[in-house]
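J.:
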Amino acid sequence: MLFPSDLTSFLDLIRQHGDAAYSLMFAYAASHSLLLALFAGYAAHSGVLDLGRLIVVCWFGSFAGDVIRFWIGRRYGVRWFERFPRIERTLQTAARLTDRHYGWMILLHRFPHGIRGVAGFAYGISRLPWSTFLALNFGAAGLWSCTVVSAGYAFGQFSEKSISNASSGLGIVMLVAFLGLSWLLSRKLDRIVERY
Numbered sequence: 000m001l002f003p004s005d006l007t008s009f010l011d012l013i014r015q016h017g018d019a020a021y022s023l024m025f026a027y028a029a030s031h032s033l034l035l036a037l038f039a040g041y042a043a044h045s046g047v048l049d050l051g052r053l054i055v056v057c058w059f060g061s062f063a064g065d066v067i068r069f070w071i072g073r074r075y076g077v078r079w080f081e082r083f084p085r086i087e088r089t090l091q092t093a094a095r096l097t098d099r100h101y102g103w104m105i106l107l108h109r110f111p112h113g114i115r116g117v118a119g120f121a122y123g124i125s126r127l128p129w130s131t132f133l134a135l136n137f138g139a140a141g142l143w144s145c146t147v148v149s150a151g152y153a154f155g156q157f158s159e160k161s162i163s164n165a166s167s168g169l170g171i172v173m174l175v176a177f178l179g180l181s182w183l184l185s186r187k188l189d190r191i192v193e194r195y
């Protein structure tokens with residue numbers, strides 16, 4: 000079977016390739032994939048992944064991804080993005096916001112969908128010192144990791160109580176609905192940030 004067709008088969012596939020799943024989660028956390036971290040929390044509740052290890056992997060992946068983007072922003076500035084005027088404008092706006100509200104920006108940028116990808120670059124473009132960025136980023140990455148993975152884990156507890164094993168199709172529908180709602184909320188946060 001190339002791709003599992005039900006939730007039980009999918010969780011079995013993750014169980015068979017556990018170490019690869021942690022590596023994948025590190026990479027996705029570095030790119031701030033919120034939805035995959037939510038699903039990984041769900042998988043941890045199912046016993047397929049270890050919750051503590053998963054939180055640490057996501058924490059360090061998220062931290063490392065932003066450090067790399069900060070370094071690129073600091074080293075190259077907006078030159079890399081001059082061919083993409085919309086991205087350049089977004090970076091400039093995020094850098095101005097960072098100069099004024101860096102504490103809140105670093106704490107919250109991982110949650111809205113659109114700002115996640117450019118925030119690290121914007122921090123590097125801003126006047127934010129490396130030491131301040133590293134300290135705040137480390138704490139914020141931990142908060143993000145604990146929150147998102149725990150939310151997926153809590154969803155697993157909820158779905159276990161409300162769905163029997165015989166209805167795994169309904170479990171997939173509920174998981175997709177949960178992930179869809181998370182995506183919609185992050186889009187709404189994007190629009191709020193864009194208005195600023």
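Sequence positions in the sequence shown follow numbering that gives the first Met the number 0 and run 0 to 195.
Idealized CB from N, CA, C, for every residue including glycine.
#1: Could you work out which residue in G64, L133 and W103 is closest to A26 when comparing CA atoms only?
#2: Return the chain-ordered ranges of every beta strand (DSSP E) run that is complete within the stretch 43-116 and spans a minimum of 3 residues.
#3: Report the option in I54, A29 and S30 whose CA atom is closest to the CA atom of A39.
#4: Spatial neighbours of V117 within its chain, please: CB distance less than 7 angstroms, with the 5 preceding and 5 following residues excluded, ordered by chain position.
#5: When the Cα of Y101 is compared with those of V77, F80 and L133, which residue comes out closest?
#6: Pop quiz: I124 and V77 are said to be a contact at Cβ under 8 angstroms. What is the actual Cβ separation, rounded to whole angstroms?
#7: Using the Cα positions of I114 and F157, report the straight-line distance between them to the nearest angstrom.
#8: Around the Cβ of A165, are there at least 16 other Cβ atoms within 10 angstroms (buried) or fewer (exposed)?
#9: Hey, quick one: how far does the alpha helix (DSSP H) through S22 stretch, first residue to last?
#10: I need the DSSP call for R186, collapsed to helix, strand or coil.
#11: According to DSSP, is R126 helix, strand or coil?
#12: Residues in the same chain with beta-carbon distance under 6 angstroms from G72, minus the five sequence neighbours each way, listed in chain order, please.
#13: If you draw a straight line from the alpha carbon of L10 to that of L33, how long is it in whole angstroms?
#14: With DSSP as the reference, label S32 as helix, strand or coil.
#15: Pick out whichever of L48, W70, S144 and L127 has its Cα sitting closest to the Cα of R95.
#16: Between the beta-carbon of N136 and the beta-carbon of V66, is there less than 8 angstroms?
T.: With the given structure in hand:
#1: Within the sequence shown, residue 26 is the residue found at index 27, counting from 1. That would be G64, whose Cα lies nearest to the Cα of A26.
#2: You should have found no qualifying run.
#3: Here residue 39 refers to the residue found at position 40 when the sequence shown is read from its first residue. With respect to the C-alpha of A39, the residue from I54, A29 and S30 having the closest C-alpha is I54.
#4: Along the sequence shown, read from residue 1 onward, the residue named residue 117 stands at position 118. Excluding sequence positions up to five before and after V117, its CB lies within less than 7 angstroms of the CB of I86, T89, L90 and A93, all in the same chain and listed in chain order.
#5: Here the question's residue 101 lines up with position 102 in the sequence shown. It is L133.
#6: Taking the first residue of the sequence shown as position 1, residue 124 is located at position 125. Taking the first residue of the sequence shown as position 1, residue 77 is located at position 78. About 6 angstroms; that satisfies the 8 angstroms criterion.
#7: Along the sequence shown, one-based indexing puts residue 114 at 115. Along the sequence shown, one-based indexing puts residue 157 at 158. A straight line joining the alpha-carbon of I114 with that of F157 spans about 30 angstroms.
#8: In the sequence shown, counting from the first residue as 1, residue 165 sits at position 166. Residue placement at A165 is poorly supported in this model, since its pLDDT is 45, which falls under 50; the coordinates still yield a value, given next. Burial call: exposed.
#9: Position 23 of the sequence shown, counted from the first residue, corresponds to residue 22. Taken as a continuous stretch (DSSP letters only), the alpha helix (DSSP H) holding S22 covers G17 to A29.
#10: Against the sequence shown, residue 186 aligns to sequence position 187. Per DSSP, reduced to three states, the secondary structure at R186 is helical.
#11: Numbered from 1 along the sequence shown, position 127 holds the residue referred to as residue 126. DSSP places R126 in coil when its eight states are reduced to three.
#12: Taking the sequence shown and counting its residues from 1, the one referred to as residue 72 is at position 73. If we look at G72 and ignore the five residues flanking it on each side, its Cβ neighbours are F120, G123 and I124.
#13: Along the sequence shown, read from residue 1 onward, the residue named residue 10 stands at position 11. Along the sequence shown, read from residue 1 onward, the residue named residue 33 stands at position 34. Roughly 19 angstroms separates the two Cα atoms.
#14: Residue mapping note: residue 32 aligns to position 33 of the sequence shown, counting from 1. Here S32 sits in coil by DSSP.
#15: For the purposes of this step, residue 95 is identified with residue 96 of the sequence shown, where counting begins at 1. For the residues L48, W70, S144 and L127, the minimum Cα distance to R95 belongs to L127.
#16: As a working mapping, residue 136 is identified with position 137 in the sequence shown. As a working mapping, residue 66 is identified with position 67 in the sequence shown. Taking 8 angstroms as the Cβ cut-off, N136 and V66 qualify as a contacting pair.
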